[in-house]
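Participant: Take any residue in the sequence shown, count from 1 to its spot, add 214: that is its number in our numbering. Think of the CB as a built atom: it goes at the ideal place given N, C-alpha and C, for glycine as much as any other residue. The structure follows.
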Amino acid sequence: MNEYYTLFDPVDYNRSSIVDLCDHYDQQNLWDPVYPGINLKSKRSSQDFEPVLGVQQILNSFQPQLNLTYDRCQLLCFDAGEKGVFHKDTDRSCGILFPVTPIGETFSHIEFYNEDKNLQHTVNYSERAIIVNVLQYHNVQVTDVRRINFQVDFDISYNEVINMFENGELFK
Numbered sequence: 215m216n217e218y219y220t221l222f223d224p225v226d227y228n229r230s231s232i233v234d235l236c237d238h239y240d241q242q243n244l245w246d247p248v249y250p251g252i253n254l255k256s257k258r259s260s261q262d263f264e265p266v267l268g269v270q271q272i273l274n275s276f277q278p279q280l281n282l283t284y285d286r287c288q289l290l291c292f293d294a295g296e297k298g299v300f301h302k303d304t305d306r307s308c309g310i311l312f313p314v315t316p317i318g319e320t321f322s323h324i325e326f327y328n329e330d331k332n333l334q335h336t337v338n339y340s341e342r343a344i345i346v347n348v349l350q351y352h353n354v355q356v357t358d359v360r361r362i363n364f365q366v367d368f369d370i371s372y373n374e375v376i377n378m379f380e381n382g383e384l385f386k
């Protein structure tokens, strides 16, 4: 296990239903701004997630005793030409990210840095899901196309989530 991320093969989920929700947010200008001056769009804990087929499939892939619902979820969208913000998260301890679009090499990579802010890992998780230690510095490279992922947030440490994953306590 590395201290930054763990890749895994997720359950199949309907990506187009999540893209449709993003399109709705774009058309209605319903995104929540994340960082001023950055066209990174996010929506957290939205009841809009609940009826979306892809979201249901993702949440239903977790062990029922975790009682995960839409209130622990986030939808994140980068428009073409946008880049993430170099940061550590302050509102969660671990995130599980499910790629929505695009699939393949055009999905911009996520970068992980050590405490000295030196690049340690770069990974494309477009065809897999990823458990991320969001308390480590990270960023997303500039994307050439619209990049969407769906996230499930945890308030427990990355190591605890990984232990649950390895012991079969995270997913069905």
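1) With 16 as the cutoff for other CB atoms within 10 Å, does proline 247 come out buried or exposed?
2) Do three or more CB pairs link the stretch 345-359 to the stretch 235-243 at distances below 8 Å?
3) Quick check on DSSP: helix, strand or coil for tyrosine 239?
4) In the DSSP output, which residue or residues are listed as bridge partners for asparagine 353?
5) Among Asn228, Pro224, Thr357, whose alpha-carbon lies nearest the alpha-carbon of glycine 298?
6) Under 8 Å, with one C-beta from each stretch per pair, do the stretch 322-332 and the stretch 367-380 reach the 3-pair mark?
7) Return yes when the Cβ of isoleucine 232 is within less than 7 Å of the Cβ of cysteine 291, no when it is not.
8) Under 7 Å, do isoleucine 344 and tyrosine 219 count as touching if we go by C-beta distance?
9) Which of helix, strand or coil does DSSP assign to glutamine 277?
10) Pull the bridge partners of proline 247 from the DSSP assignment, please.
11) With burial defined as no fewer than 16 other Cβ atoms inside 10 Å of the residue's Cβ, what is the status of glycine 318: buried or exposed?
12) Which of the three DSSP states, helix, strand or coil, is assigned to arginine 229?
Facilitator: Based on what the coordinates show:
1) Taking the sequence shown and counting its residues from 1, the one referred to as residue 247 is at position 33. Classification of proline 247: exposed, given that the 10 Å Cβ count is below 16.
2) no
3) Here the question's residue 239 lines up with position 25 in the sequence shown. Tyrosine 239 falls in the helix class under three-state DSSP.
4) Here residue 353 refers to the residue found at position 139 when the sequence shown is read from its first residue. For asparagine 353, which the question treats as bridged, DSSP gives the partners Glu325.
5) Reading the sequence shown from its first residue, position 84 is the one you call residue 298. Nearest C-alpha to glycine 298: Thr357.
6) no
7) On the sequence shown, position 77 is the one that residue 291 refers to. On the sequence shown, position 18 is the one that residue 232 refers to. It is not a contact, given that the beta carbons lie outside the stated cut-off.
8) The residue labelled residue 344 in the question sits at position 130 within the sequence shown. The residue labelled residue 219 in the question sits at position 5 within the sequence shown. Cβ distance < 7 Å, so isoleucine 344 and tyrosine 219 count as in contact.
9) The residue labelled residue 277 in the question sits at position 63 within the sequence shown. Looking at glutamine 277 - three-state DSSP - the assignment turns out to be coil, as it is neither helix nor strand.
10) Looking up residue 247 in the sequence shown gives position 33. Bridge partners of proline 247: Lys255.
11) As a first step, residue 318 must be located in the sequence shown, where it is residue number 104. The residue is exposed, with fewer than 16 neighbouring Cβ atoms inside 10 Å.
12) Numbered from its first residue, the sequence shown carries residue 229 at position 15. Three-state DSSP puts arginine 229 in a helix.
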